[in-house]
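Have a look at the structure below before the remarks.
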Amino acid sequence: MDRALRFVFALLVGLALITLGASVVVQRTAREWFEKDVRLRAQLAVNGARHGLLARWSPERALELRALLEELTADERIRAAAAFGPECELRARTPEFPEALSGERLRPHLLANAESTAAAPREWHAVEDLPGGRVHVSALPLSGESAVLGSIVLVQDFGFVERREAEALRFLLYAFAFLALAASAVTVIAARVSWRGWSNELRRILRGGQSRPEFQPILGDVRELVERISAEGAAESEGGAWTPARLKQTLQRHLHGEKVVIVANREPYVHQRRADGTIEVMHPASGLVTALEPVMRACSGTWIAHGSGSADRETVDARARVRVPPGEEAYSLRRVWLDADEERGYYYGFSNEGLWPLCHIAHTRPMFRTEDWRHYCEVNRKFADAACAEVDTDDPIVLVQDYHFALAPRLIRERLPRATIIAFWHIPWPNAQRFAICPWRRELLEGLLGASIVGFHTQADCNHFVESVERFLETRTDPELNAIVRNGRSTLVRPYPISLEWPARWLADAPSVRECRASVVRELELAPDALIGIGVDRLDYTKGIEERLLAVERALELHPELRGRFTFVQLAAPSRSIIEAYRRLDERVVELAERINQRFGAGRYRPIVVRRAHHEPPAVFRFYRAADVCYVSSLHDGMNLVAKEFVAAREDELGVLVLSQFTGAARELTEALIVNPYDVDEAGAALAAALTMSREEQRDRMRAMRAFVAEFNVYRWAGRMLVDASRLRSRDRLAGRLTNYLVSAARMER
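Each residue of the sequence shown is one higher than the one before, starting from 559 at the first, in this note's numbering.
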C-alpha cells in the first residue's frame, strides 16, 4: 500500500507539471486554431464574392463595389472591409474601416517588393491593436483572368479569442484536477489487482516474446490506423484548396497532363431547334452533368454522349464532334447516334425500367426484357468503340459514367488492355439479395470488373457491390487494398462522394439575394413577407415529390399561422415520359397539388406552385437564392446535388435545408434538418421549424455546410480518383517491366 501511495504522490506531481506545460501548449495551439479559423473565414468570404467583386472593380462602379463590401460585413465578426488597387490605392471601403489602415500603412505588407514598380499584391494576415480593440487583418489578392487586380482587406473581431482562451484554460484546470483525483483512486484500487500481471506482460513484449492473444487485435488495429494516417497525409501533402488550377496541376504531375475521355449517356450541352428555326443551347437537368462538366472544363479531353437534341447533327463536324462550351471551347463533345429502337431498348427499357428501379428502393417493380438487354449490349459496344476511337495512346484514362454502361469497361479493356478505366456508379448499389433479381447479373458484374477502379458515393454501396461479386462470381477479395482480384487482375472498389464546383459559375452574374427574392415575389404575386419553399427535381418517383407535397400540407395543418403566407414552389423537369410509371407520377403530382391548393388556397394565394418545365441553371439558382427553405425528399438517392447547389447558392448564409436521410448528401451535410420523408408528420414539423428558425441559427448551420462543400468540391472528387488511377498505373507499369525482365532472363537461360 505504501508503494501505491508513493506512486499516487508522484502521479499528482507529474500531473501538476503536465498541467502547467499543457496550459502553455493549449494556449498556443488554441491561438493558432483561432487564427486559422479567422483566415479561413476571410478566404471563404472573398471566394464567395469573387465574381461580384470582379464585375464591380472598375472605378465607375465604385458605389456598387462599396455596397458589396458592406454585404461582406453582414457577418457578425467581420467589422469592416476595403478594396485596394494594385498600387495600394483605395478603391472602396465600408464606413467602419479603420483610418489607421491606410494604403501607405499597408503597402509594405501587401506588396511582395514595395520598392519595385512591378510589385504584385500578396496574401497577408496580422493581428493589430487598434483603438476599437484587437482585430485580425486579412489581405487577400483579387485575381482577374490575366493579372492580380488588387487586394481585399477584411478586419475581423479578435477579442473573442482572449475570452475563449480563458475559458479553455479554466476547463483544462478543472479537467486535470478531476483526472488527478480519478487516477489516484483508480491506481490505489487497481494496484494490487492487476499491476503484476500487466508488468509481466509488458516485460514479455519488450523482450521480444509473443504477447497474449487478446493483445493481437489491438496491435493490428494500431498498425492499420498508422498506415491509413500515413496514406491520408501523403494524399493531402500538396495542400491548398481544390480548384480547376490545382486539378490541372494534379493531372500534369501524376498523369503527365494527359487528356481524359468520359463516356456518359447525357451530353453536357444540347442543341435544340426552336419553333422560329433558330438553334438554342440547353443544359440538361442532370446531377451527373452538374458534377462532371466543370471537371472537363478544367482537364480538357473528350466527352462521349448520346446526341439527343433536335439540332445536334447540324452542329457537329464530319466526326460527330463539336467544341464546347460555346465561346469557351475547352473540350470536345463527341456525339453517338442511336436509332429509335436502340434508345427505347437500351435507355428507356433496360436502363430505366430495369436497373433504375432495381437499384432504388422506391417500391417500383423492375422490368427485364430480353430485347431490351440485346439493345443494351449493342449500345454499350457502340460507345466502347467510340471511346477507343477517341484515344491517342495505348494506355489512356477513360471515365465510364453510371448504370447505362456497366458493360463498357470490359469492352474497352479487351481493346486497350493497358488503359486506366474508372467506372463511377452514380446511383445506389443494391444488396446481393435484391441484385439477384437481374437475369444478367453476372454479365453486369464482369463488365464493371473490367475497370481499374469502380467508384460509388458511399462505403455502404461499395460493401453491397463486393457482396454481390462474392456471391455471383468466382473471385478473390483483397481486404487490405479493398480490391477484387479476378483472372489475375485487380479492381479497386472505392467510395468517392461526388460534389459540385466551388464557387458555382452560375453565381458570377447572378443578381443579389435581395433582388432574386424580389423578382420571385413579383413573378408569383406573393406578399412582401411571404415565406418561400423550393424543391428542384426531375419528375421521378425516387425523388419523393408526392411525399414532399404531403409534408407541406401537414405543415399547414399543424401551423395555421403559415396559411396564406407559406408558398412551396416545385420546379419539376419532365423526365422519361414515355415510361408508364413516370406518366402516372406526373398526373398524381398535378392532382395532389390541386387538392392542397383547393383546401388551403384563398383568393390569389396558392400554397403549392408546380412548374413542370425545363429550367436553365440561372433560373434554378434564382429560386434557390429567393427561398427560405429547400426540401430534398428523395426516397433513395446516390448523392443528390440539389442539396449542395442550394448551399452553394446562399452567399448570404441564410436559408434552411431540409434533407432526406436516404440521400448520400445526408452523410455530409449534417447541419441540415435530416428527416424521414415517409414520416409526413416529422417532415411537416421540420418545414415549420425551418420557417421559424432564427437568422443566427440559420447562419451557423449554413456557414458550416458551405465550408464543407467548398472544401470537398468536385475538383477534389476528380483529383482523388485521378491520383488513385495514377498510382495504379505506376504499379501496373512496374509489374509489366518486371514480367518482361523475367521473360527475357528465361529466354537467355535457354
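Beta carbons: idealized from backbone N, C-alpha and C, even for Gly.
- Note on residue 1066: under 16 other CB atoms within 10 angstroms of its CB, so exposed under the neighbour-count rule.
- Listed in chain order, the beta strand (DSSP E) elements of length 3 or more contained wholly in the region 803 to 868 are 818 to 821, 828 to 831, 837 to 840 and 859 to 864.
- Using a Cβ-Cβ distance cut-off of 8 Å, the region 600 to 616 and the region 1262 to 1281 are in contact, since at least three pairs of beta carbons, one from each stretch, lie closer than that value.
- Per DSSP, residue 892 is one residue of the beta strand (DSSP E) stretching across 889 to 894.
- Taken in chain order, the whole alpha helix (DSSP H) runs of length 4 or more contained in the region 582 to 616 are 608 to 613.
- Where residue 715 is concerned, the enclosing beta strand (DSSP E) starts and stops at 706 to 715.
- Within the same chain, 656 and 658 come within 7 Å of residue 688 by CB-CB distance, once the 5 residues on both sides are set aside.
- Contact fails between the region 1190 to 1200 and the region 1063 to 1081, because fewer than three Cβ pairs, one in each stretch, are under 8 Å apart.
- Across the set 823, 867 and 1004, the C-alpha of 823 shows the shortest separation from the C-alpha of residue 846.
- The criterion of a C-beta distance shorter than 8 Å is not satisfied by residue 1200 and residue 1248.
- The alpha carbon of residue 681 has as its nearest neighbour, out of 693, 694, 667 and 691, the alpha carbon of 667.
- For residue 931, the enclosing alpha helix (DSSP H) begins and ends at 928 to 948.
- Of the candidates 636, 633, 663 and 1145, 663 places its Cα closest to the Cα of residue 642.
- In this structure, the straight-line span from the alpha carbon of residue 1045 to that of residue 1000 is close to 15 Å.
- In the DSSP assignment, residue 1242 falls within the unbroken alpha helix (DSSP H) covering 1238 to 1249.
- The residue among 660, 618, 722 and 612 with its C-alpha nearest the C-alpha of residue 587 is 722.
- Residue burial is scored here from C-beta neighbours: residue 1149 has fewer than 16 other C-beta atoms within 10 angstroms and is therefore classed as exposed.
- The beta carbon of residue 1064 sits closer than 6 Å to those of 1175, 1176 and 1179, all from its chain and outside the five residues before and after it, given in chain order.
- The three-state reading of DSSP puts residue 686 in strand, counting E and B together.
- Considering only 1207, 1222, 1181 and 1187, the residue with the shortest C-alpha distance to residue 1196 is 1222.
- Cβ neighbours of residue 1134 within its own chain (closer than 6 Å, five residues either side excluded): 910 and 1140.
- In the DSSP assignment, residue 701 forms a beta bridge with 706.
- The alpha carbon of residue 1137 has as its nearest neighbour, out of 1220, 1288, 1043 and 908, the alpha carbon of 908.
- Using a 10 angstroms sphere on the CB of residue 1026, the tally of other CB atoms reaches 16 or more, which defines it as buried.
- Residue 1219 carries a coil assignment under DSSP once its states are collapsed to helix, strand and coil.
- Of the candidates 1037, 1085, 1273 and 973, the residue whose Cα lies closest to the Cα of residue 939 is 973.
- The residue among 716, 697 and 930 with its C-alpha nearest the C-alpha of residue 690 is 716.
- When DSSP states are grouped into helix, strand and coil, residue 908 belongs to the helix group.
- At a Cβ-Cβ threshold of 8 Å, residue 1054 and residue 1279 count as neighbours.
- Distance from the CA of residue 854 to the CA of residue 653, rounded to the nearest whole angstrom, comes to 43 Å.
- In the DSSP assignment, residue 1048 falls outside any alpha helix (DSSP H) and within the unbroken beta strand (DSSP E) covering 1047 to 1053.
- The three-state secondary structure of residue 1100, taken from DSSP, is helix.
- As far as DSSP is concerned, residue 1154 takes part in no beta bridge.
- The C-beta distance from residue 719 to residue 592 rounds to 5 Å, short enough to meet the 8 Å contact threshold.
- Only exposed fits residue 739, as fewer than 16 other CB atoms lie within 10 angstroms of its CB.
- For residue 1002, the closest C-alpha among the options 1277, 913 and 1122 is that of 913.
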